[in-house]
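K.L.:
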Amino acid sequence: MARRASSQRCASPAQADPPAECRLKACAEPRVAYGYCDGHLRERRPAEWAKRRAAGRRPRDGRPRSKPLTGSTTPRLFTPPLRRLTRSTTRGYEVIDFARDVLGEPLLPWQEWLVIHALELLPDGTFRFRTVLALVARQNGKTHLSKVLALWRLYIDGARLVLGAAQDLSIAREVLEAANDTIDMVPELAEEKEQYLTANGKEGLRLFGGGRYLIKASTRSAGRGLSVDHLTMDEVREQRDWSAWSALSKTTTARANGQIWCLSNAGDEQSVVLNHLRSAAGVQLGSDGVSLMGEARDASIFLAEWSAPEGCELDDEQGWAQANPSLGHTVSVAAIRSSLGTDPPDVFRTEVLCQKVDQLNGAIDLAGWKAGGDPAGSMENLRERVIACVDVAPDGLHVALTAAAETPDGRYRVEPVAAWNDTDSARTELAELLERVAPAATGWFPSGPAAALAPELRALGAVEIKGAEVNEACQEFADLVAARRIIHPEDPLQDAHIAGAQKYFVGDGWRFVRRGAGHVSAAYAAAGAVHVLRTLPVEKPQPKPMVV
Numbered sequence: 001m002a003r004r005a006s007s008q009r010c011a012s013p014a015q016a017d018p019p020a021e022c023r024l025k026a027c028a029e030p031r032v033a034y035g036y037c038d039g040h041l042r043e044r045r046p047a048e049w050a051k052r053r054a055a056g057r058r059p060r061d062g063r064p065r066s067k068p069l070t071g072s073t074t075p076r077l078f079t080p081p082l083r084r085l086t087r088s089t090t091r092g093y094e095v096i097d098f099a100r101d102v103l104g105e106p107l108l109p110w111q112e113w114l115v116i117h118a119l120e121l122l123p124d125g126t127f128r129f130r131t132v133l134a135l136v137a138r139q140n141g142k143t144h145l146s147k148v149l150a151l152w153r154l155y156i157d158g159a160r161l162v163l164g165a166a167q168d169l170s171i172a173r174e175v176l177e178a179a180n181d182t183i184d185m186v187p188e189l190a191e192e193k194e195q196y197l198t199a200n201g202k203e204g205l206r207l208f209g210g211g212r213y214l215i216k217a218s219t220r221s222a223g224r225g226l227s228v229d230h231l232t233m234d235e236v237r238e239q240r241d242w243s244a245w246s247a248l249s250k251t252t253t254a255r256a257n258g259q260i261w262c263l264s265n266a267g268d269e270q271s272v273v274l275n276h277l278r279s280a281a282g283v284q285l286g287s288d289g290v291s292l293m294g295e296a297r298d299a300s301i302f303l304a305e306w307s308a309p310e311g312c313e314l315d316d317e318q319g320w321a322q323a324n325p326s327l328g329h330t331v332s333v334a335a336i337r338s339s340l341g342t343d344p345p346d347v348f349r350t351e352v353l354c355q356k357v358d359q360l361n362g363a364i365d366l367a368g369w370k371a372g373g374d375p376a377g378s379m380e381n382l383r384e385r386v387i388a389c390v391d392v393a394p395d396g397l398h399v400a401l402t403a404a405a406e407t408p409d410g411r412y413r414v415e416p417v418a419a420w421n422d423t424d425s426a427r428t429e430l431a432e433l434l435e436r437v438a439p440a441a442t443g444w445f446p447s448g449p450a451a452a453l454a455p456e457l458r459a460l461g462a463v464e465i466k467g468a469e470v471n472e473a474c475q476e477f478a479d480l481v482a483a484r485r486i487i488h489p490e491d492p493l494q495d496a497h498i499a500g501a502q503k504y505f506v507g508d509g510w511r512f513v514r515r516g517a518g519h520v521s522a523a524y525a526a527a528g529a530v531h532v533l534r535t536l537p538v539e540k541p542q543p544k545p546m547v548v
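For the sequence shown, this note's numbering gives the first residue as 1, with consecutive numbering after it.
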């Protein structure tokens, strides 16, 4: 009997009831949603939606709803832990508890993941990592994380000095002000605050126990003389040379648990500090052109990178989620769609997708420049009409001497001749060097920083490039590069200055930006040499006298 009953139950699907009919009595079609058939559903859906809204329920159309797009808690690239991370192997949980229970400002899921992994402990109880590099797209909560970490180090960890640094001091000031506001809102923290200073050069706060929180601009003199427990360097992608890093990074050397937190989004080829740290942490380019984690050259660096994979489409929503871990929390899909419609592609890639790009707002086409690379070539057969040009960086810490000559096929070869780290060295050696090179003419920009060498250059009879000619030289050079008419030996320093050149608009024209974009003196020297070469009158050979 049991077997027969079982057999009947197995056969029951074949005898299933026919689908229910449409709720309208005159219609025998099978119902789809809301009790209606497909045809009547189309007619009555708006009315049903209105009823559901009035009842406080969201409309539905009978189809399963897709899950809302949310950011990825786990970064695409990161340094793996040595062991399972628990409360005994990382201090990240202390930060999470402090933010939630003391400050009343819980961390987002990605921020919790980051502090748990970045504050991993070694068996002796010290931090495994001395440097933390966290890359994430803009507006995902780096400021809030910086504030929580600074307050935790001061109030819970007992740090003597917390230092916040940024290229733009206003960014560091924003974190300091937010920290002070939070302290004032928590009575237990406010009781320990002794002083809050807002005077320029002395901005910071001090606790009665001796702990201090100071802010500095990321300059070559920042942090010198200080011994820091916790250093935050915001937007490290803006560091185009090593001067600020050299000054600031050494401040944590004497602290057993000193840490440097570098928070940034992706940079470009000029982000030398960011690119070096990322590479040292083990990031390498795979055979498919997508970054992956390899073996780290420096085990003291922790990397966490929330980014979209290289080469993804701009409208790849999964890429958005990988680069924006706060998506669905504090960042909306609508905001990203708006950026997609208004940003140039390179800007969207670096700011929203957190992808490294060749350059931002570049004055010179890098594809054209790279196409002109000719390391095997030389000026050996072009000596008859070589033009030189000298230029100086605004801070006087770089002087470039570049030569240019026209090739038989109508292109222009530019080569660095010499470079100095200060104007005094250039002043001493320039005349003798030019005598050996023996250029047909030497150009310079008298209205720029090269004025420091004015007596020497005028004594050599150098050609002055001034006024509107400065714009002409820069625009002319950029146009020739784009036309693939500039060739060069792929010198790293020259390549870096070319990649860093940005546009400074003057009237309807433009010239290369000198301030705030790193050194571009080699780019100016190359442009000046080519300009003088193309505009200097060619001396026609005198006709030989006839012998009668």
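Quick reminder that beta carbons are idealized off the backbone N, C-alpha and C, glycines included. Computed from a predicted model, the values in this text were never measured in an experiment.
Could you give the DSSP three-state label for Ala296: helix, strand or coil?
P.N.:
Coil, per DSSP.
K.L.:
Go through the region 336-401 residue by residue and report every complete run of the beta strand (DSSP E) that reaches 3 residues or more, in order.
P.N.:
List check, beta strand (DSSP E) in window: 387-392.
K.L.:
From Phe208, Thr198 and Ala266, pick the residue whose C-alpha is nearest to that of Glu188; which is it?
P.N.:
Of the candidates Phe208, Thr198 and Ala266, the one whose C-alpha sits nearest the C-alpha of Glu188 is Phe208.
K.L.:
Does the beta-carbon of Arg552 have 16 or more other beta-carbons within 10 angstroms, so that it is buried, or is it exposed?
P.N.:
Any question about residue 552 goes unanswered here, given that the chain covers just 1 to 548.
K.L.:
Could you pull out every residue in the same chain whose Cβ sits closer than 6 Å to the Cβ of Glu406, ignoring the five residues on either side in sequence?
P.N.:
Cβ within range, chain order: Tyr412.
K.L.:
Should Val136 go down as buried or exposed, given a rule of 16 or more other Cβ atoms within 10 Å for buried?
P.N.:
By the 10 Å Cβ count, Val136 comes out buried.
K.L.:
What runs of the alpha helix (DSSP H), each 4 residues or longer, lie entirely inside the region 155-236?
P.N.:
List check, alpha helix (DSSP H) in window: 169-185 and 187-190.
K.L.:
Decide if the region 485-500 is in contact with the region 520-535; the criterion is three or more beta carbon pairs, one per stretch, under 8 Å apart.
P.N.:
In short, these stretches touch, since the Cβ pair count reaches three.
K.L.:
Give the list of continuous beta strand (DSSP E) stretches no shorter than 3 residues that lie fully inside the region 259-333.
P.N.:
The qualifying runs are 259-264, 283-285, 291-293 and 301-305.
K.L.:
The beta strand (DSSP E) that contains Thr442, what's its start and end?
P.N.:
From DSSP, the beta strand (DSSP E) with Thr442 extends over Ala441 to Trp444.
K.L.:
Mind checking which residues open and close the alpha helix (DSSP H) that includes Thr428?
P.N.:
Here the alpha helix (DSSP H) through Thr428 covers Thr423 to Val437.
K.L.:
Would the region 319-338 and the region 69-76 be scored as touching if the rule is three or more Cβ pairs under 8 Å?
P.N.:
With a cut-off of 8 Å, the region 69-76 and the region 319-338 count as touching, because enough Cβ pairs lie within range.
K.L.:
Please confirm whether Thr86 and Glu120 have their CB atoms less than 8 Å apart.
P.N.:
No, the Cβ-Cβ distance between Thr86 and Glu120 is not below 8 Å.
K.L.:
I'd like to confirm the pairing. Which residues does DSSP put opposite Gln502 in its beta bridges?
P.N.:
Paired residue(s): Gly362.
K.L.:
Taking the CB atoms as reference points, tell me whether Gly210 and Arg255 lie closer together than 8 Å.
P.N.:
Their beta carbons are not under 8 Å apart, which means Gly210 does not touch Arg255 by this criterion.
K.L.:
Quick one: any contact between the region 95-104 and the region 148-156, if contact means 3 or more CB pairs under 8 Å?
P.N.:
The region 95-104, when compared against the region 148-156, does touch it at the 8 Å Cβ threshold.
K.L.:
By how many angstroms is the C-alpha of Asp343 removed from the C-alpha of Gly461?
P.N.:
Gly461 and Asp343: Cα-Cα distance of roughly 48 Å.
K.L.:
Leu169 and Ala217 - do their beta-carbons sit closer together than 8 Å?
P.N.:
Yes, the pair counts as a contact, with Cβ atoms nearer than the cut-off.
K.L.:
Which residue wins for smallest C-alpha separation from Val115, given the options Gly125, Pro123, Asp124 and Phe98?
P.N.:
Measuring from the Cα of Val115, the nearest candidate turns out to be Phe98.
K.L.:
Is the Cβ-Cβ distance between Ala440 and Val417 less than 8 Å?
P.N.:
No, these two residues do not count as a Cβ contact at 8 Å.
K.L.:
Based on Cα-Cα distance, which residue from Leu77, Glu112, Arg220 and Gly286 lies nearest to Leu145?
P.N.:
Among Leu77, Glu112, Arg220 and Gly286, the Cα nearest to that of Leu145 is on Glu112.
K.L.:
According to DSSP, is Ala11 part of a helix, a strand, or is it coil?
P.N.:
Confidence at Ala11 is low in this model, with a pLDDT of 41, below 50, so the placement of that residue should be treated as unreliable; the coordinate-derived value is given next. Correct three-state label for Ala11: helix.
K.L.:
Would you mind working out which of Gly368, Gly373 and Gly267 sits nearest Phe348, comparing C-alpha positions?
P.N.:
Considering only alpha carbons, the answer is Gly267.
K.L.:
If you count every other CB in all the chains shown that lies within 10 Å of the CB of Glu238, and 16 or more means buried, which is it?
P.N.:
Buried, since its Cβ has 16 or more Cβ neighbours within 10 Å.
K.L.:
Please classify Cys10: is it buried, with 16 or more other beta-carbons within 10 angstroms of its beta-carbon, or exposed?
P.N.:
With a pLDDT of 40 at Cys10, under the threshold of 50, the modelled position of that residue is not reliable, and the figure given next carries that caveat. With fewer than 16 Cβ atoms within 10 Å of its Cβ, Cys10 is classed as exposed.
K.L.:
Tell me the residue span of the alpha helix (DSSP H) that contains Ala118.
P.N.:
Residues Pro109 to Ala118.
K.L.:
Among the candidates Val357, Ser279 and Leu274, whose CA atom is the shortest distance from the CA of Gly311?
P.N.:
Out of Val357, Ser279 and Leu274, Val357 has the C-alpha closest to the C-alpha of Gly311.
K.L.:
Can you find at least 3 beta carbon pairs, one from the region 290-310 and one from the region 126-142, that sit closer than 8 Å?
P.N.:
Judged by Cβ distances under 8 Å, the region 290-310 makes contact with the region 126-142, as three or more pairs qualify.
K.L.:
In the DSSP assignment, what residue or residues form a beta bridge with Trp510?
P.N.:
Trp510 pairs with Phe505.
K.L.:
With a CB to CB cut of under 7 Å and the five nearest residues on each side skipped, what residues in its chain are close to Tyr196?
P.N.:
Result list for Tyr196: Asn180 and Leu205, in chain order.
K.L.:
On the three-state DSSP scale, how would you describe Val102?
P.N.:
Three-state DSSP puts Val102 in a helix.
K.L.:
Pull up the distance between the alpha-carbon of Thr442 and that of Leu434, whole angstroms please.
P.N.:
Their Cα atoms are separated by approximately 9 Å.
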